[in-house]
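Protein sequence lines, in the order shown, are assigned to chains A and B.
Using our numbering, the first residue of the first sequence is number 1, and each one after it goes up by one.
Using our numbering, the first residue of the second sequence is number 120, and each one after it goes up by one.
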Amino acid sequence: EVQLVESGGGLVKPGGSLRLSCAASGFTFSSYNMNWVRQAPGKGLEWVSSISSSTIYIYYADSVKGRFTISRDNAKNSLYLQVNSLRAEDTAVYYCVRAGSGSYYFDYWGQGTLVTVSS
Amino acid sequence: QSALTQPASVSGSPGQSITISCTGTSSDVGGYNYVSWYQQHPGKVPKLMIYDVSNRPSGVSNRFSGSKSGNTASLTISGLQAEDEADYYCSSYTSTGPRVFGGGTKLTVL
C-alpha cells in the first residue's frame with residue numbers, strides 16, 4: 001500500500017523557516033517524480049513544487065520561487081521542502097503528492113501537514 | 120502561472136448528469152493531453168478521478184468521465200448521487216514545466 005506521511009509543520013512567525021518532510025513507503029520511491037501541493041484554509045489547491053525521480057528537473061510556482069527548496073533522498077525514501085522567508089499567505093496544509101508514472105497527474109496524496117504563519 | 124478557469128459552483132438532482140468545465144490555453148489544456156480531475160470532500164484529502172483527459176483509475180466509478188475540446192476540458196458525472204457532493208479540481212501540465220490547478224468547483228446535489 002502506498003503511504004505518504006508528512007511532518008514538520010507548525011506555527012512560525014513571519015520571516016521564519018521550516019523544513020517539511022515526507023516519508024514514502026509501499027512503492028519504489030526512486031522511480032517516481034514527486035510534488036508538494038498546498039491548500040490555504042477554505043481555499044483551492046495550489047501546486048508548489050516538483051522534483052523528478054533523479055532530481056535532474058526541479059520546478060517551483062512563481063509564488064514560492066527563491067524562498068522554497070525541494071529535495072529528496074532516494075536512499076531514505078524521503079521528500080523534503082525547505083520553506084524560508086515565510087509570509088502569512090503561505091499558511092496552508094502542505095501535501096506530499098506522488099506523480100503518476102510517465103505522466104503529470106497526482107495519484108497518491110499524503111494527509112498533509114499544516115503550516116501556520118502568524119506573529 | 121495563471122490558474123485554469125472553473126465555474127465556482129454547479130448543482131444537479133440525484134440521477135441527473137452534470138458537467139464541470141476547465142478552461143485554459145494552448146500552453147496547457149489545449150496543448151497537451153495531460154488534464155486530470157480531483158474530488159475533495161470537506162476535511163478530506165483530494166482523490167484522483169480522471170487522468171490524461173479521459174482515463175479512470177482503478178476503483179473510480181464509470182459514472183465519471185472526462186473529455187477535452189480545444190482549450191477546455193470537461194468532467195461529466197452521470198447518475199448523480201448524494202456522495203458525489205464535493206469540490207472538484209482540474210489540473211494540467213503546462214509548457215513552462217510546472218503544473219497548474221483550476222480554482223475548484225463546488226458540486227451540490229439537490
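C-beta atoms are modelled at their ideal positions from N, C-alpha and C, and glycine is treated no differently.
Residues near residue i in its chain [Cβ-Cβ closer than 6 Å; skip 5 each side]
i: B/Asp206; result: Gln159, Gly223, Lys225
i: B/Ser116; result: Since the first and last residues shown for chain B are 120 and 229, residue 116 of chain B lies out of range.
i: B/Val144; result: Per the sequence shown, residue 144 of chain B should be read as Thr rather than Val. Contacts found: Asn190.
Expected contact under 8 Å - CB spacing of residue i and residue j to nearest Å
i: B/Tyr212; j: B/Tyr153; result: 4 Å
i: A/Tyr110; j: A/Cys22; result: According to the sequence provided, residue 110 of chain A is Gly. The question's Tyr does not apply to it. About 6 Å separates the two Cβ atoms, so the contact holds.
i: A/Arg38; j: A/Thr55; result: The pair is not a contact, with the Cβ atoms about 21 Å apart (cut-off 8 Å).
Selection from the options that minimises the alpha carbon distance to residue i
i: B/Thr142; options: B/Gly134, B/Ser121, B/Pro161; result: B/Ser121
i: B/Gly131; options: B/Leu199, B/Ser145, B/Tyr151; result: B/Leu199
i: A/Ile70; options: A/Tyr104, A/Arg19, A/Pro14; result: A/Arg19
i: B/Pro126; options: B/Arg175, B/Tyr170, B/Gly221; result: B/Gly221
i: B/Ser180; options: B/Ile196, B/Asp147, B/Val172; result: B/Ile196
i: A/Val97; options: A/Asn84, A/Asp90, A/Asp107, A/Glu89; result: A/Asp107
i: A/Phe68; options: A/Ser17, A/Thr28, A/Thr55, A/Glu6; result: A/Ser17
i: B/Ser210; options: A/Thr28, A/Ser118, A/Trp47, A/Lys76; result: A/Trp47
Check whether residue i and residue j have beta carbons under 9 Å apart
i: A/Gly9; j: A/Leu86; result: no
i: A/Pro14; j: A/Ala88; result: yes
i: A/Gly105; j: A/Trp36; result: Just to set this straight, residue 105 of chain A is Tyr in the shown sequence, not Gly. Cβ distance not < 9 Å, so A/Tyr105 and A/Trp36 don't count as in contact.
i: B/Glu204; j: B/Val172; result: no
Residue i versus residue j - alpha carbon distance
i: A/Gly102; j: A/Ala92; result: 29 Å
i: A/Gln3; j: A/Ala24; result: 6 Å
i: A/Gly66; j: B/Gly134; result: 49 Å
Close-in-space but distant-in-sequence residues of the same chain around residue i (CB under 8 Å, 5 per side omitted)
i: A/Ile58; result: Ser49, Ser50, Ile51, Ser52, Ile70
Neighbourhood of residue i by C-beta distance below 7 Å, restricted to the same chain and skipping five residues each side
i: A/Ser7; result: Ser21, Thr113
i: B/Ile169; result: Ser155, Trp156, Arg175, Phe183, Gly185, Leu194
i: B/Ser128; result: Thr224, Lys225, Thr227
Under 7 Å from the C-beta of residue i: neighbouring residues of chain C
i: B/Pro126; result: Considering every chain present, this structure includes no chain C. Its protein chains are A and B.
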